[in-house]
Amino acid sequence: MNKTIRRASVFCLLMVLALLVRATWVQAYDGRALADDEHNRRNTIAQYAQPLGDIIVAGSPVTGSKETDGDDLRYKRTYTQGDLYASVTGYSSQAYGATQLEGIYSDVLDGTDDRLKNPTDLITGKQTSPGDVITTIDPGVQKAAYEALGDDRGAAVAMDPETGRILGMVSSPSYDPSDISGTGDADAWQKLLGDTSKPLVNRALRQPLPPGSTFKLVVASAALENGLYGSVDEATDSPDPYTLPGTSTVLSNENPSAPCENATLRTALQYSCNNVFAKVAADLGQDKLKAMADAFGFDTKELDVPVRASESVYPKDMDKAQTALTGIGQFEVTATPMQMAMVSAALSNGGELASPHMVSKVTDADGSTLQEYPDGDTERVVKESTAEQLRSAMVTVVDEGTGSNARIDGAEVGGKTGTAQNGVDNSNTPYAWFTSYAKDGSTGKQVAVAVVVEDSGAARSEVSGNGLAAPIAQKMMKAALKG
Numbered sequence: 002m003n004k005t006i007r008r009a010s011v012f013c014l015l016m017v018l019a020l021l022v023r024a025t026w027v028q029a030y031d032g033r034a035l036a037d038d039e040h041n042r043r044n045t046i047a048q049y050a051q052p053l054g055d056i057i058v059a060g061s062p063v064t065g066s067k068e069t070d071g072d073d074l075r076y077k078r079t080y081t082q083g084d085l086y087a088s089v090t091g092y093s094s095q096a097y098g099a100t101q102l103e104g105i106y107s108d109v110l111d112g113t114d115d116r117l118k119n120p121t122d123l124i125t126g127k128q129t130s131p132g133d134v135i136t137t138i139d140p141g142v143q144k145a146a147y148e149a150l151g152d153d154r155g156a157a158v159a160m161d162p163e164t165g166r167i168l169g170m171v172s173s174p175s176y177d178p179s180d181i182s183g184t185g186d187a188d189a190w191q192k193l194l195g196d197t198s199k200p201l202v203n204r205a206l207r208q209p210l211p212p213g214s215t216f217k218l219v220v221a222s223a224a225l226e227n228g229l230y231g232s233v234d235e236a237t238d239s240p241d242p243y244t245l246p247g248t249s250t251v252l253s254n255e256n257p258s259a260p261c262e263n264a265t266l267r268t269a270l271q272y273s274c275n276n277v278f279a280k281v282a283a284d285l286g287q288d289k290l291k292a293m294a295d296a297f298g299f300d301t302k303e304l305d306v307p308v309r310a311s312e313s314v315y316p317k318d319m320d321k322a323q324t325a326l327t328g329i330g331q332f333e334v335t336a337t338p339m340q341m342a343m344v345s346a347a348l349s350n351g352g353e354l355a356s357p358h359m360v361s362k363v364t365d366a367d368g369s370t371l372q373e374y375p376d377g378d379t380e381r382v383v384k385e386s387t388a389e390q391l392r393s394a395m396v397t398v399v400d401e402g403t404g405s406n407a408r409i410d411g412a413e414v415g416g417k418t419g420t421a422q423n424g425v426d427n428s429n430t431p432y433a434w435f436t437s438y439a440k441d442g443s444t445g446k447q448v449a450v451a452v453v454v455e456d457s458g459a460a461r462s463e464v465s466g467n468g469l470a471a472p473i474a475q476k477m478m479k480a481a482l483k484g
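In structure tokens:
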């Protein structure tokens, strides 16, 4: 063989080897990336090739599937009472993807999760029967929240303080995910996107707002835990009126005739005395307050229930006047309804915060458990004695103070109202808050709730936590104790 042929043969062999290496690389590495690419329509075709698994509430599916007419996407998602459960399920759309539980568990619900496959299925890539997602939602609590919120813009969350199970989660205004589940729903999609009330936003988890006076529970916890005051019935050093440190700004109380001067923490919660809690915050300092807020769950970047909740924030790098304002839940303090429900839940549960979750387990088509979320996974937030004292003070708020609309006959109910400023110089309608707990002594059932009403259409003078938010919480707590 002459030199030219030999060189050509070697060159051809190298080219073949290069092609083999490239083909192997594409199959073993790039192939997975291409298969998982969001623009790969084969994934969508496979996802909707068979009926999807279901999201289950109290043993019954709130989702379904129906066959389409002649499309390569054979089935599409349907929803039972879609508006009622949208803040739990999210949506699964052939055109716009999936959110919330639909998105988190899409592989289980469409049958592509490897945990659903036997060894043969893994080798062949065969699509298997889908699994289901079992929620912790109580339909009675969910319905009570949905109906009580009505046309108000806001959100509500209820959870079992002992187990951490989320019993109800509603965001208003809502929407029906069935309206956007197909490929021909562009008009409905654009209408939702253009709606200024943002129905696609889950306000219960994803809309942090100033919590106003509901945050005073955190401040009172810090005062007791750090020994600033020995009990909720010890007089505080709180002048009325109170001037913010280093400024000439005088902080007023909503009720000028309330007995707020040097009031006890119990009285200060009962009448929602701003002077007391601003002074307590300034005396404690931002570091101690932040530590207390963080123990309740503030500043947690990855709070998954399992849907990711937005971070509730206690600010830092403040001067003393700004720190004082955080004592009444203003300045740059923000919280979601989920976070404020966690505050009441921890106090209700003896100072221990159970990890909140709205999925109990994920199963395969035969009902075997693939993943389970344990109840009662707790962390101590405050001492039991602190929690006991604050529960007593919260009961005073409901029985004798600003939370009277939350009363339930035959049950122990404690709560805290809040009205938070909205906009520059409070130029917009204030937010109405209420966070609470209820216990039935005869059955042992308990529940913690947080409600925020962003806009009810009421006149500014009629906006209050007791007037707007407490009645919603009361209906939810009543449903939870009854259920």
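No gaps in the numbering here: position 194 of the sequence shown is 195 in my numbering, and each next residue is one more.
Every residue gets a Cβ at the ideal spot worked out from N, C-alpha and C, and that includes glycine.
These numbers were taken from a predicted model, which means no experiment stands behind them.
In this structure, how does DSSP classify I329 when only helix, strand and coil are distinguished? coil
Every unbroken beta strand (DSSP E) inside the region 344 to 414 [3 residues or more]: 353 to 355, 360 to 364, 370 to 373 and 379 to 381
At the level of alpha carbons, what is the spacing between I138 and Y243? 44 angstroms
Would K417 pass as a contact of E226 if the rule is Cβ separation under 8 angstroms? no
Would A536 be called buried (16 or more neighbouring beta carbons within 10 Å of its own) or exposed? Look at the range of the chain in this structure, 2 to 484, and you will see that residue 536 is not part of it.
Which whole-angstrom value describes the C-beta separation of M160 and A283, a residue pair presumed to lie in contact below a C-beta threshold of 8 angstroms? Contact flag wrong, Cβ pair sits at about 32 angstroms.
For L326, the nearest candidate out of T301, Y315, A279 and R309 (CA to CA): A279
Which same chain residues, not among the five before or five after T430, have their C-beta less than 7 angstroms away from its C-beta? N423, D456, R461 and V464
Could you say which of G231, A449 and P209 lies nearest to G330 if we only look at CA atoms? P209
Short check: CB of M170 to CB of M359, under 8 angstroms? yes
Enumerate in chain order the residues of its own chain whose CB-to-CB distance from R204 is below 6 angstroms, with the five nearest sequence positions on each side excluded. A156 and S172
Cβ-heavy atom distance between M339 and the ligand FMN below 7 angstroms? In the structure on display, the ligand FMN does not appear, and there are no ligands present to speak of.
The alpha helix (DSSP H) spanning R204 covers which residue range? R204 to R207
Pairwise C-alpha distance: I105 and S369: 19 angstroms
Rounded to a whole number of angstroms, what is the C-alpha to C-alpha distance between T364 and L168? 20 angstroms
Would S94 pass as a contact of I181 if the rule is Cβ separation under 8 angstroms? yes
Cβ-based burial, P357 [other Cβ within 10 Å; buried from 16]: buried
Specify, as a first and last residue, the run of the beta strand (DSSP E) that R154 falls within. R154 to M160
With distances taken Cα to Cα, identify the nearest neighbour of S437 among A474, E235 and A421. A474
The region 106 to 115 in contact with the region 337 to 352 per 3-pair CB rule at 8 angstroms: no
So the alpha helix (DSSP H) R78 belongs to, where does it begin and stop? It is not in any alpha helix (DSSP H) - R78 instead sits in the beta strand (DSSP E) that spans Y76 to Y80.
Taking the straight line between their C-alpha atoms, what separation do you get for S311 and V399? 29 angstroms
Looking at the secondary structure, which residues open and close the alpha helix (DSSP H) in which D111 lies? S107 to D111
Grab the span of the beta strand (DSSP E) containing A433 for me, first residue to last. Y432 to K440
Please look up how many angstroms separate the CB atoms of R166 and D376, rounded, as I've assumed it's under 8 angstroms. 6 angstroms
Whose C-alpha, out of L290, S253, G247 and G286, is nearest the C-alpha of Y272? S253
Spatial neighbours of Q323 in its chain, beta-carbon cut-off 7 angstroms, leaving aside the 5 residues before and after: F332
Which residues bound the beta strand (DSSP E) around D186? Neither: D186 is in no beta strand (DSSP E) and is coded neither H nor E.
Using DSSP bridges, identify the partner residues of D305. R309
Rounded separation between V251 and T100 - CA only: 46 angstroms
Tell me whether the beta-carbon of V277 lies closer than 8 angstroms to the beta-carbon of T237. yes
So the candidates are V219, A439, S393 and R408; which of them puts its Cα closest to the Cα of P472? R408
Run through DSSP, which three-state label would G468 get? helix
Between the C-alpha atoms of G286 and L245, what's the straight-line distance to the nearest angstrom? 13 angstroms
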